[in-house]
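The next block holds one structure in the form of structure tokens; read it before the comments.
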Amino acid sequence: MKLTPITALAALALIGIGGFMVGRVSSPVTAAPDTDAPAETRSSRSSSRESSANPVETKRQARTTKSGLSEPGTATTTDRLARMEAIVRGENPLDRSRALLAYIDKLAPGDFEGVVANFRSLGITTSRMGEYSLLLTAWAQADPLSALTYAKANTSNGFATETILTSWATTDPDAAIRWAQADYKGDGANPYMPGIIRGIVESDPARATQLLASMPRSEERGEGLDYIMPHLLQQGSEATRSWIASLTDEALRNGAIMRAAEKLAKTDPAGTASWLLANPGEAAQRRMDDVYSVWAGKDQQAALSSLNKLPAGDDRSNALRGVVSSLAAADPKAAVGLMDQYSNDVNDRVVRNFVWHSYGTDPALAASQISRIGDEGQRDEMYRRMLDNWIERDPSQAQAWIQTNPLPQSIRDRLARRQTGQQ
Numbered sequence: 000m001k002l003t004p005i006t007a008l009a010a011l012a013l014i015g016i017g018g019f020m021v022g023r024v025s026s027p028v029t030a031a032p033d034t035d036a037p038a039e040t041r042s043s044r045s046s047s048r049e050s051s052a053n054p055v056e057t058k059r060q061a062r063t064t065k066s067g068l069s070e071p072g073t074a075t076t077t078d079r080l081a082r083m084e085a086i087v088r089g090e091n092p093l094d095r096s097r098a099l100l101a102y103i104d105k106l107a108p109g110d111f112e113g114v115v116a117n118f119r120s121l122g123i124t125t126s127r128m129g130e131y132s133l134l135l136t137a138w139a140q141a142d143p144l145s146a147l148t149y150a151k152a153n154t155s156n157g158f159a160t161e162t163i164l165t166s167w168a169t170t171d172p173d174a175a176i177r178w179a180q181a182d183y184k185g186d187g188a189n190p191y192m193p194g195i196i197r198g199i200v201e202s203d204p205a206r207a208t209q210l211l212a213s214m215p216r217s218e219e220r221g222e223g224l225d226y227i228m229p230h231l232l233q234q235g236s237e238a239t240r241s242w243i244a245s246l247t248d249e250a251l252r253n254g255a256i257m258r259a260a261e262k263l264a265k266t267d268p269a270g271t272a273s274w275l276l277a278n279p280g281e282a283a284q285r286r287m288d289d290v291y292s293v294w295a296g297k298d299q300q301a302a303l304s305s306l307n308k309l310p311a312g313d314d315r316s317n318a319l320r321g322v323v324s325s326l327a328a329a330d331p332k333a334a335v336g337l338m339d340q341y342s343n344d345v346n347d348r349v350v351r352n353f354v355w356h357s358y359g360t361d362p363a364l365a366a367s368q369i370s371r372i373g374d375e376g377q378r379d380e381m382y383r384r385m386l387d388n389w390i391e392r393d394p395s396q397a398q399a400w401i402q403t404n405p406l407p408q409s410i411r412d413r414l415a416r417r418q419t420g421q422q
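Residue 373 in numbering that gives the first Met the number 0 sits at position 374 of the sequence shown, with consecutive numbering throughout.
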């Protein structure tokens, strides 16, 4: 099965992400697992770029490797599997990547099941996810239906199935979508759609958006959105914002704003803050502090100037929380001064953020601000967590502060019980 150049490059990128360049097999062969290993998580899922299928080579020459094993095209099953193991046990990462690609080029569609099963028997680890992704990607191009049948029967967490669907969708999206729609019989969001969205977003972003919008609110839809966002962000901030504005589903739009604001703030915090202010809602409320925190880290005076111009209310409190968070670790006293300056805008979240960001630098000052928390339950919980940690870290200073500062009686009683071991 010969990979196209585009797919080969994408696969090599996957290898880098999955840790192929640093991982190799060192453990003895064990029985094949019934399910994918826990290391196969969303954070390690791979994508395949747009590619087209090439015919399998019709003429293959038998060659002998350094190990004396023949290449897969003319090898026995035993030799073929031994050759794969020899490759992935190699020490040199560049040699391994080249050898694995060459090895895959020589596989016939019917060879993949045995190769993948044997590879999995070696143990799927985080450092070898790239190799696994590469094998699945190639199998999907050679025989996607067989690959999916195997994945459904032998894996459980969706990584293999999604990788195969992503690869298949790059070459035949219609067939991949038909399979996904026919195979899923449950209620709720179709779990196969995120992989297909990932496979087509670069070649057909409009169709990827259509598929995403057709999904009900769910974890799967969030996953599909995660796959679309990098493509959008590559088009620039204006294109990203326009795409988000076109979404009619409020929950989906909020999710997109949440994801985009976090990324856009890194390069344009001022523009991102203005965008959030122009699009009030749940996402703006939840991201405003992050944006102002990044902004203050880049240009504190500009962030403070913008904060000063905001009208009193949630937006200013959220912005204040971000600036205070940015200041608290480096200059806790300046952060307290800012809270005093905007005392009417300080809410419990502002205080909590200050305490946790300043505690490592000035625990006494951090503890002194906890009394500003209005909610009694949250206030006492903050005292408990902060003081317990401080006592463990520096008991003499913590006890000195406790003895000389006012505390709620419930906290003093708890500290007394802790001292006598009664908790």
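Cβ coordinates follow ideal geometry from the N, Cα and C atoms, glycine included.
| query | If Met228 sits next to Ala259, beta carbons under 8 Å apart, how far is it from one beta carbon to the other, in whole angstroms? | reply | At roughly 7 Å, the Cβ-Cβ gap stays under 8 Å, so Met228 and Ala259 are in contact.
| message | With H, G and I counted as helix, E and B as strand and the rest as coil, what does DSSP make of Asp387? | response | In the displayed model, Asp387 falls within a helix according to three-state DSSP.
| field | Ser305 versus Ala333 - alpha carbon distance | value | Near 18 Å, if we compare the C-alpha coordinates of Ala333 and Ser305.
| task | Pick helix, strand or coil for Lys262, following the three-state DSSP scheme. | result | In the structure shown, Lys262 sits in a helix (DSSP, three-state: H, G or I).
| said: I'd like the span of the alpha helix (DSSP H) that includes Ser236, first residue to last. | reply: Counting along the chain, the alpha helix (DSSP H) containing Ser236 begins and ends at Ser236 to Ala244.
| task | Using 10 angstroms around the beta-carbon of Leu263, count the other beta-carbons present and answer buried if the total reaches 16, otherwise exposed. | result | Leu263 counts as buried, since no fewer than 16 other beta carbons sit within 10 angstroms of its beta carbon.
| Cβ distance (whole Å) where Ile163 is taken to contact Ala152 below 8 Å | Incorrect: roughly 13 Å between the Cβ atoms, too far for contact.
| Neighbourhood of Arg423 by C-beta distance below 7 Å, restricted to the same chain and skipping five residues each side | Shown here, the chain extends from 0 to 422; a query on residue 423 therefore has no answer.
| field | Environment of Leu134 [buried if 16+ CB atoms lie within 10 Å] | value | With 16 or more Cβ atoms within 10 Å of its Cβ, Leu134 is classed as buried.
| Sub-8 Å separation of Ser357 and Leu364 beta-carbons | Yes.
| task | Check whether the Cβ atoms of Leu224 and Ala255 sit closer than 8 Å, and answer yes or no. | result | Using a Cβ distance threshold of 8 Å, Leu224 and Ala255 count as a contacting pair.
| Whole-angstrom distance between Asp393 and Arg413, CA atom to CA atom | For the pair Arg413 and Asp393, the Cα-to-Cα distance works out to about 18 Å.
| request: Give a yes or no on whether the C-beta atoms belonging to Ala311 and Asp344 are separated by under 8 Å. | output: Result yes, Cβ atoms of Ala311 and Asp344 sit closer than 8 Å.
| message | For a quick check, are the C-beta atoms of Arg252 and Leu246 less than 8 Å apart? | response | A contact, by the Cβ cut-off of 8 Å.
| task | Check each candidate in Ala329, Leu303 and Gly185 and name the one with the smallest Cα separation from Thr340. | result | Here residue 340 turns out to be Gln, not Thr, going by the sequence shown. Measuring from the Cα of Gln340, the nearest candidate turns out to be Leu303.
| request: Express the C-alpha separation of Asp347 and Thr403 in angstroms, rounding to a whole number. | output: Linking Thr403 to Asp347 through their CA atoms gives a straight-line distance of about 24 Å.
| message | If I follow the unbroken alpha helix (DSSP H) through Asn352, where does it start and stop? | response | It spans Asp347 to Ser357 - the alpha helix (DSSP H) in which Asn352 sits, taken as one unbroken run.
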